[in-house]
Structures are given as structure tokens and as C-alpha cells.
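Accompanying notes for the structure given below.
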Amino acid sequence: MYADLHIHTIYSDGSFPPAVIIRHAVKNNLKIISITDHDSVYGIAASIKEGEKSGVEVIPGIEISTTVDTGEIHMLGYFVDYTDEYFLKSLKRIQEIRIKRMSVMVDKLKKLAVDIDFDELIEYVSNNSICRLHLAHFLKKKGIVGSVYEAFDRYIGSGKPAYEKMNALTPEEGIELISNAGGVSILAHPGLTRRDDLIDAMIYTGLNGLEVYHSGHSEEDTNRYFQMTKDKGLLVTGGSDCHGEKKLNILMGRVKLPIQYVDRLKAEVSNIKFINQNENINGMSQSAKTI
């Protein structure tokens, strides 16, 4: 039995709706998946419902965008309470940051004589979690570039003339947000961000594990981060980072995580809940003594 714990839907920058995601999971013999849209939980409920029809367990997840001096670091959260009011309000603020960033990038494009309408872009994205991939596809749709790659290479890639850094949460704030929603935090694709120097500080804040297995990791990356989880007592997770047709080389089935790692993830969640319950009980007992 296998799992894929990193999947995007149409509710962020993926191209597949929940029903299609579940069909692909069944096709690839995946018994457990996690929906981890960027700063969005809108696809979770529908995915769980579709999964129940086909015997696929769907873990509620998210990929939180955080920012450091060199760019973005993504934090995966698993078993988050996607109905928590504070959590949803925090995500709404991040969505507002995303929209503001995209507005700045559109203004930069206009200064480069690339005249696109911001309102039309927002309508194109609908109510999804807007990101550069959406902008790249929009530029291709308008005939401004011939490919998504060209959009990033000429205009919106890091360091390119229309790029704007995303001023989101710090990694520590992202970990705290996930923890407050009852989730377990995992550093996403560390082999791509290459900020191993920050991992110890993240662990101190409450980081629970590393995404060891990822479509973008080399064998060397996988081995290095697997050893790091052993040395530092961290959880191991993995996933394809599937975006559907928007990233054809990254589809479900490319990474198949053995179920044993999901079992350990679940055990950690149970342990956290047990500790939190005991702390609440002890807190109530101490309060009762002062009455």
C-alpha cells in the first residue's frame, strides 16, 4: 500500500478537480493521499467525499507559503482542522497578500510594455489561490509568451524584471499556524529550497519532519534528508507535488510513499492530541485549586 502526501487541485495551482484526483489515486494504487493546496483548504471537503466513494483516504493538508531572505520556503501541514475559524482567517490574510503581490507584478509587466488587465487575470483564476503559475498560463493564453517556461524565463521567474517577492509569513509563523490548527508541520521539498541552515531553528519552533521523497529530489537529496530525519528524530513524508496538466512531468504515481511513514505521521498526531488534552486537564485542575 502506498500514499502520496503532496497534491494540488484546482483550488490552488493544480488543474485537476477532486473527483479527477481520486480517479488518478485509484489508477496508481494509492490508498492514502493528502490535498495540500497553496494557502487554501477549499478542496479538502470535496476530496474527502470523493475518496470515501472509492476507498481512498484523504488526509486534510495544506502547503503554507513562508518567506526568508532568499525567497520562499513552503511548509506542509497535515491533519489540520480546516474548519477552524482562526486558521481560515489567517489563510484569508495570506490570500490578500497573494493578490497584492500579483497586482504589483502586473504593474511591472505593464512597464515592460506587456499590457494585461489585472481584473481579467483575477477572473481567469476565479477564486483559486493565485500564484505565478496562474500568471504564466494567463500570459500564454493571451499570446504574449509561447510557453509557461518562457513566461518564467523572460518575466516572472526569480530575479526577472516582473518578479515580486512574496512577503508572507516567516517559517516559524507558518509552523505555529499549522500547530494551532492541530496539524503536524513538515518542511516541503528541502532539496529545492536548499536552506538546511534553517532546519534546526525550525525544529526548535516545532517542525515535525521533512518531505524526504519528492519528484524534484535527486537520489542524493533523498538519501541526505532521510539520514537527517534519523539524526534529528524527524518524521519522513513524501509526495509527487502533482499539479496535473499544468506540470505534466509531475503527476501522481511518480512518488509512492510506503504506508509505514503515514502510520508514524498518524501516531505523532495522536501523541500531540494526547499531550494537548493533558495540558488542558492540568490547566483546569490548577484553576480549580484557586477558586
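Residue numbers 1 to 291, in our numbering, belong to the letters of the sequence shown in order. Virtual Cβ for every residue (Gly too), placed ideally from N, Cα, C. Computed from a predicted model, the values in this text were never measured in an experiment.
Where residue i sits in the DSSP three-state scheme
{"i": "residue 149", "result": "helix"}
{"i": "residue 31", "result": "strand"}
{"i": "residue 243", "result": "coil"}
{"i": "residue 252", "result": "coil"}
{"i": "residue 269", "result": "helix"}
{"i": "residue 86", "result": "helix"}
{"i": "residue 17", "result": "coil"}
{"i": "residue 237", "result": "strand"}
Limits of the unbroken beta strand (DSSP E) element including residue i
{"i": "residue 187", "result": "184–187"}
{"i": "residue 51", "result": "It is not in any beta strand (DSSP E) - residue 51 instead sits in the alpha helix (DSSP H) that spans 44–54."}
{"i": "residue 4", "result": "2–7"}
{"i": "residue 213", "result": "209–214"}
{"i": "residue 67", "result": "57–68"}
{"i": "residue 78", "result": "71–78"}
Separation of residue j from residue i, as counted between CA atoms
{"i": "residue 1", "j": "residue 253", "result": "12 angstroms"}
{"i": "residue 242", "j": "residue 6", "result": "7 angstroms"}
{"i": "residue 113", "j": "residue 145", "result": "13 angstroms"}
{"i": "residue 18", "j": "residue 52", "result": "12 angstroms"}
{"i": "residue 284", "j": "residue 93", "result": "Its pLDDT being 46, under 50, residue 284 is placed unreliably by the model, and nothing is read from it."}
{"i": "residue 255", "j": "residue 22", "result": "16 angstroms"}
{"i": "residue 88", "j": "residue 185", "result": "17 angstroms"}
{"i": "residue 64", "j": "residue 115", "result": "31 angstroms"}
{"i": "residue 148", "j": "residue 134", "result": "9 angstroms"}
{"i": "residue 288", "j": "residue 177", "result": "For residue 288, the predicted structure reports a pLDDT of 49, less than 50, and the residue's modelled location is therefore unreliable. A value from the coordinates is still provided. Their Cα atoms are separated by approximately 30 angstroms."}
{"i": "residue 90", "j": "residue 62", "result": "13 angstroms"}
{"i": "residue 49", "j": "residue 111", "result": "46 angstroms"}
{"i": "residue 41", "j": "residue 60", "result": "8 angstroms"}
{"i": "residue 11", "j": "residue 76", "result": "16 angstroms"}
{"i": "residue 204", "j": "residue 174", "result": "13 angstroms"}
{"i": "residue 275", "j": "residue 206", "result": "14 angstroms"}
{"i": "residue 16", "j": "residue 232", "result": "36 angstroms"}
Start-to-end residues for the alpha helix (DSSP H) that takes in residue i
{"i": "residue 228", "result": "219–232"}
{"i": "residue 11", "result": "That residue, residue 11, is in no alpha helix (DSSP H); it is neither H nor E in DSSP."}
{"i": "residue 200", "result": "199–205"}
*In the stretch 105–191, which residue ranges form an unbroken beta strand (DSSP E) of at least 3 residues, counting only runs that do not cross its ends?*
For the stretch 105–191, whole beta strand (DSSP E) runs of length 3 or above, ordered along the chain, are 184–187.
*Assess, as a yes-or-no matter, whether the stretch 178–194 is touched by the stretch 78–86 under the definition of 3 or more beta carbon pairs within less than 8 angstroms.*
Enough Cβ pairs lie closer than 8 angstroms, so yes.
*How about the stretch 92–111 and the stretch 164–180: do they share at least three Cβ pairs that are nearer than 8 angstroms?*
As far as the Cβ criterion goes, the stretch 92–111 touches the stretch 164–180, which means the pair count is three or higher.
_Touching by the beta-carbon criterion (3+ pairs, under 8 angstroms), the stretch 70–77 and the stretch 192–202_ = Yes, they touch.
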